[in-house]
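The sequence shown lines up with residues -7 to 117 when you count with my numbering.
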Amino acid sequence: MEVQGKVKMIGDTQTFGSNGFRKREIVVTTEEQYPQHIMVEFVQDKCDLLNPFQVGHDVKISINLRGREWVNPQGETKYFNSIQGWRIESLQAVAQNAPTPTAPPADNFEPASDFSKEEHDDLPF
-7 MEVQGKVKMI
3 GDTQTFGSNG
13 FRKREIVVTT
23 EEQYPQHIMV
33 EFVQDKCDLL
43 NPFQVGHDVK
53 ISINLRGREW
63 VNPQGETKYF
73 NSIQGWRIES
83 LQAVAQNAPT
93 PTAPPADNFE
103 PASDFSKEEH
113 DDLPF
């Protein structure tokens, strides 16, 4: 799965517990009729993938949906979901490298000189 949009926020890398678990969050705003602010977390060695990016960049993030079950001390079961990123690509580089369509200069065109009104025009309009 993928999420595409503009970077709204990139958090600092957070380290948890004695095992050194690392997590870094990024928020991407989608560009659609009703824009969504999607928080994606990158964990462990994937945290460093966010280093080259800044707020305002257009990106495409490859994601996995994660879900887990937790039973609280009262015995109630709760479910939590997270969106975990594993790759991020800049869309600006793609747009900059894409060829831009250009029309030839107008002075390269010459009007038709052999046009006659008696010729049959088979165009429907």
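Ideal Cβ positions, reconstructed from N, Cα and C, are used throughout, including at glycine.
1. Taking the beta strand (DSSP E) that Asn64 falls in, what are its first and last residues?
2. Could you check where the beta strand (DSSP E) with Gln6 kicks off and where it finishes?
3. Note the first and the last residue of the continuous beta strand (DSSP E) segment covering Gln(-4).
4. Just reading off the beta strand (DSSP E) that Val32 is part of, what are its end residues?
5. Among Phe45, Asn73, Ile2, Asn56, whose alpha-carbon lies nearest the alpha-carbon of Val(-5)?
6. Just verifying my parser: in three-state terms, what is the DSSP assignment at Gln76?
7. I believe Glu123 touches Tyr71 by the beta-carbon criterion, under 8 Å. Please report the beta-carbon distance rounded to the nearest angstrom.
8. Among the residues of its own chain, which have a CB less than 8 Å from the CB of Asp4, if the five just before and after it don't count?
9. Is the beta carbon of Ile75 less than 8 Å from the beta carbon of Glu33?
10. Can you have a look at Gly9 and say buried or exposed, based on whether 16 or more other CB atoms are within 10 angstroms of its CB?
Taking the structure as given:
1. On the sequence shown, residue 64 is found 72 positions in, with the first residue counted as 1. Segment: none, Asn64 is in no beta strand (DSSP E) and carries neither H nor E.
2. The residue labelled residue 6 in the question sits at position 14 within the sequence shown. 6 to 8 is the extent of the beta strand (DSSP E) around Gln6.
3. Numbered from 1 along the sequence shown, position 4 holds the residue referred to as residue -4. Counting along the chain, the beta strand (DSSP E) containing Gln(-4) begins and ends at -6 to 2.
4. Position 40 of the sequence shown, counted from the start, is the residue given in the question as residue 32. Where Val32 is concerned, the enclosing beta strand (DSSP E) stretches over 29 to 35.
5. Here residue -5 is taken as the residue at index 3 of the sequence shown, counted from 1. Minimum Cα distance to Val(-5) is reached at Asn56.
6. If you number the sequence shown from 1, residue 76 lands on position 84. Three-state DSSP puts Gln76 in a strand.
7. Given that the chain is displayed from residue -7 to residue 117, the structure contains no residue 123 and the question cannot be resolved.
8. Position 12 of the sequence shown, counting from 1, holds the residue named residue 4. Counting only Cβ-Cβ distances below 8 Å, and skipping sequence neighbours, we find Arg16.
9. Counting from one through the sequence shown, the residue named residue 75 turns up at place 83. Counting from one through the sequence shown, the residue named residue 33 turns up at place 41. Yes, these two residues count as a Cβ contact at 8 Å.
10. In the sequence shown, counting from the first residue as 1, residue 9 sits at position 17. Classification for Gly9: exposed.
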